[in-house]
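Residue numbers (mature numbering (1 follows the signal peptide of the UniProt record, and there is no 0)): -30 to -1, 1 to 401. Heads up, the beta-carbon is just placed ideally off N, CA and C, and yes, glycines get one too. This one's a predicted model, so the numbers in the text were calculated from it and none came from an experiment.
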Amino acid sequence: MNTARMHLQHILQALTLLCTVLLVGCNNVAVQDATTTPKSEAKPTRIVTTMAWEKIALPISDTQLSDYVTSPIEPQTIYACMKAHATGAEQMTLWRTRDAGQHWSQLHLSAATGAGCSLSIAPDQPQRIALLIKHDPTSQQPANAGSLYMSIDGGTSWHNINSSSALANEQIEDCSVTITAHHIYLWYSYGGGQGSLQHSLLERSDDNGHSWSHSDTAFGANSLFFMPQIGHDETLTTIVRHVAGANTTSSQLWISHDGGRSWQQQNDLPPQVMTYLQQSHSSSAPLYALAHEQLPSNLYRLQLWQSTSGQQWSTIPALPVTGTNAEQSGLLQALAITNNGQLLAFGVDPNSGIPARTSTQRPTTTFWLWAWNPGTAHWQVLSTPLQYTADEGCGLCWNGQFAGSAQQNSYLYAYHWGDQKHLFRFHLPEL
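Structure below.
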């Protein structure tokens, strides 16, 4: 099992525990009084396009894609971290293509051995790239994030930088890196073993890894959260829950406008929301919060909320197709957010709607791309689905990324955690 998939399973196990404790928070599908529900049209707008999904050729065969990142200004440029085998610590290799997979070049790394990797590129300075080669959590290696590398010239040259050892006495389950124009962030998930609950930790470096400081002290002890989302002007947002035995708190949105030095707590989120948040780098895009994303995707139970301020939240209606209702939205998974704030997601076939009988054992063979327009409050569906067979009996099955340039060449990239040998992309029309 690859480390990224292990990370999802560990986090989702923790969220499942929270569901057990907070039955009202996870099973009540009513909306808080403070929220509103935008009305959606009875039928979706169909976007007819001649574009087809493309399969990106990966650099070498018999390897797995551990992580990838696309350039925010050059959609054809992709960085891919490849692993030789699915389990255990193996040699990791880093590759770059400038023509969407037609040609790849290997980027030199020293002693790049691990169980997985995490890649990040600075939205405002894409020449700044960070790569974290993760240690195998089952190994006896020192308890730190792993081997951390940084490039300041778009990947041409790399140097190894110091990673923190803040959790020397803890079992690190997973970690990831995020880089911006001015900071590097390391996020850890630790604990979660027998008799202990899972917690999170966030550290920040302001000097390219020479020193590290805690960036999550405002959250308090026993906090559980994902890596913060990076918004406009490097604004950080994350959802935090606190777990201490049988006592839990509701999900709370926290925002930082100074790189994580200080945080401001916002209003409580709707009770169904756990810790998963999506945000665009655009200043005009809303925040999106998810609920039931830890359930098998092919149960179509995913619920979405949006907010422009982080204070008031409104529910996003179910897909306007046959069989959807307050509990089954028709959505498989939220994937990415476009530059103008539209949410891209996989969902059911607009022609047939939700199957009469849903099953977590039945593979999904057709993935329809839907787009939620927050300005007009309605769903659109693209006429060309992705024809691909995958097991959707998982939560957060896909890794999706939006890449757009000033020339309006916008793409959606996606790959499935259960496969990791196929990377797809779709040239998006004007939405």
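>> Only counting the same chain, and skipping five residues up and downstream in sequence, which positions put a Cβ closer than 6 Å to that of L172?
In response: Answer for L172: W157, S185 and D186, listed in chain order.
>> Taking the beta strand (DSSP E) that C145 belongs to, which residues open and close that run?
In response: First-last of the beta strand (DSSP E) with C145: I142 to I149.
> Can you tell which of W387, V243, N379 and D69 has its C-alpha closest to the C-alpha of G86?
Replying inline: For the residues W387, V243, N379 and D69, the minimum Cα distance to G86 belongs to W387.
> Rounded to a whole number of angstroms, what is the C-alpha to C-alpha distance between W338 and D177?
Replying inline: Cα to Cα, W338 sits roughly 44 Å from D177.
> With respect to the beta strand (DSSP E) encompassing M62, which residues constitute its N-terminal and C-terminal limits?
Replying inline: Segment E60 to T67, the beta strand (DSSP E) holding M62.
> Apart from the five residues on each side of it in sequence, which residues of its chain come closer than 6 Å, Cβ to Cβ, to H180?
Replying inline: Contacts found: none.
> Could you give the distance in angstroms between the alpha-carbon of S159 and the alpha-carbon of G190?
Replying inline: Roughly 15 Å separates the two Cα atoms.
> Within this structure, are the beta carbons of I122 and Q97 separated by less than 8 Å?
Replying inline: Their beta carbons are under 8 Å apart, which means I122 touches Q97 by this criterion.
>> Assuming the contact rule is C-beta atoms closer than 8 Å, V351 and R16 should be a hit. Round their C-beta distance to whole Å, please.
In response: V351 to R16, Cβ: 6 Å. Contact.
>> Suppose contacts are defined by Cβ-Cβ distances below 8 Å. Is I209 in contact with A255 by that definition?
In response: Note that the C-beta distance between I209 and A255 is not below 8 Å.
> Can you check whether the CB of G71 is closer than 8 Å to the CB of I91?
Replying inline: No. Outside cutoff.
>> I'd like the ranges of any beta strand (DSSP E) spanning at least 3 consecutive residues and lying wholly in the segment 212 to 255.
In response: Runs found: 222 to 226 and 234 to 238.
> Can you tell me whether P325 is buried or exposed, with buried defined as 16 or more other CB within 10 angstroms of its CB?
Replying inline: Label assigned to P325: exposed.
> Which whole runs of the beta strand (DSSP E) in the segment 284 to 347 are 3 residues long or more, in chain order?
Replying inline: With a minimum length of 3 residues, the continuous beta strand (DSSP E) runs that stay inside the segment 284 to 347 are 301 to 307, 313 to 317 and 334 to 343.
>> Among the candidates S253, N237 and E263, whose CA atom is the shortest distance from the CA of L247?
In response: Closest in C-alpha terms to L247, from the list S253, N237 and E263, comes E263.
> Taking C-beta to C-beta, are I30 and R395 nearer than 8 Å?
Replying inline: No, the Cβ-Cβ distance between I30 and R395 is not below 8 Å.
>> If you reduce the DSSP assignment to three classes, tell me which class N379 lands in.
In response: Coil, per DSSP.
> Taking Cβ positions, are I99 and A82 nearer each other than 8 Å?
Replying inline: With respect to A82, I99 sits apart: the two C-beta atoms are not nearer than 8 Å.
> Since residue 405 is in the beta strand (DSSP E), which residue starts that stretch and which ends it?
Replying inline: In this structure the chain extends from -30 to 401, so residue 405 is not present and cannot be described.
> So, using beta-carbon positions, are N130 and S88 closer together than 8 Å?
Replying inline: In terms of Cβ geometry, N130 and S88 do not form a close pair [threshold 8 Å].
> Taking the C-alpha atoms as reference points, what is the distance between H169 and R327?
Replying inline: The straight-line gap separating the alpha-carbon atoms of H169 and R327 is approximately 37 Å.
>> Measuring straight from C-alpha to C-alpha, what distance separates L301 and S284?
In response: A straight-line Cα-Cα distance of about 17 Å links L301 and S284.
>> Quick check: the Cα distance between L382 and H202, rounded to an integer number of angstroms?
In response: In a straight line, the C-alpha of L382 is about 20 Å away from that of H202.
>> Would V18 and S353 qualify as a contact pair, given that the criterion is a beta-carbon distance under 8 Å?
In response: Yes. Within cutoff.
> So what does DSSP say about I99, is it helix, strand or coil?
Replying inline: Strand, per DSSP.
>> Pop quiz: A347 and L313 are said to be a contact at Cβ under 8 Å. What is the actual Cβ separation, rounded to whole angstroms?
In response: Approximately 12 Å separates the beta-carbon atoms of A347 and L313; this is outside 8 Å, ruling out the contact.
>> Looking at the strands, I want to know which residues DSSP matches up with S175.
In response: Among the bridge pairs identified by DSSP, S175 is matched with I154.
> The beta strand (DSSP E) spanning V39 covers which residue range?
Replying inline: That run of the beta strand (DSSP E) goes Q34 to T40.
> According to DSSP, what are the bridge partners of S183?
Replying inline: Beta-bridge analysis with DSSP links S183 to R174.
> Would a C-beta distance cut-off of 8 Å place S93 and I200 closer than the cut-off?
Replying inline: According to the sequence shown, residue 93 is Pro rather than Ser. I200 is positioned such that its CB atom lies closer than 8 Å to that of P93.
> How many Å lie between L305 and F316 at the Cα?
Replying inline: Computed Cα separation, rounded: 7 Å.
>> Tell me which residues share the same chain as H196 and place their Cβ nearer than 8 Å to its Cβ, disregarding the 5 neighbours each side in the sequence.
In response: The sequence given here has Phe at residue 196, not His. So the qualifying residues of the chain are I(-20), W157, S170, T208, I209, T245, Y246 and L247.
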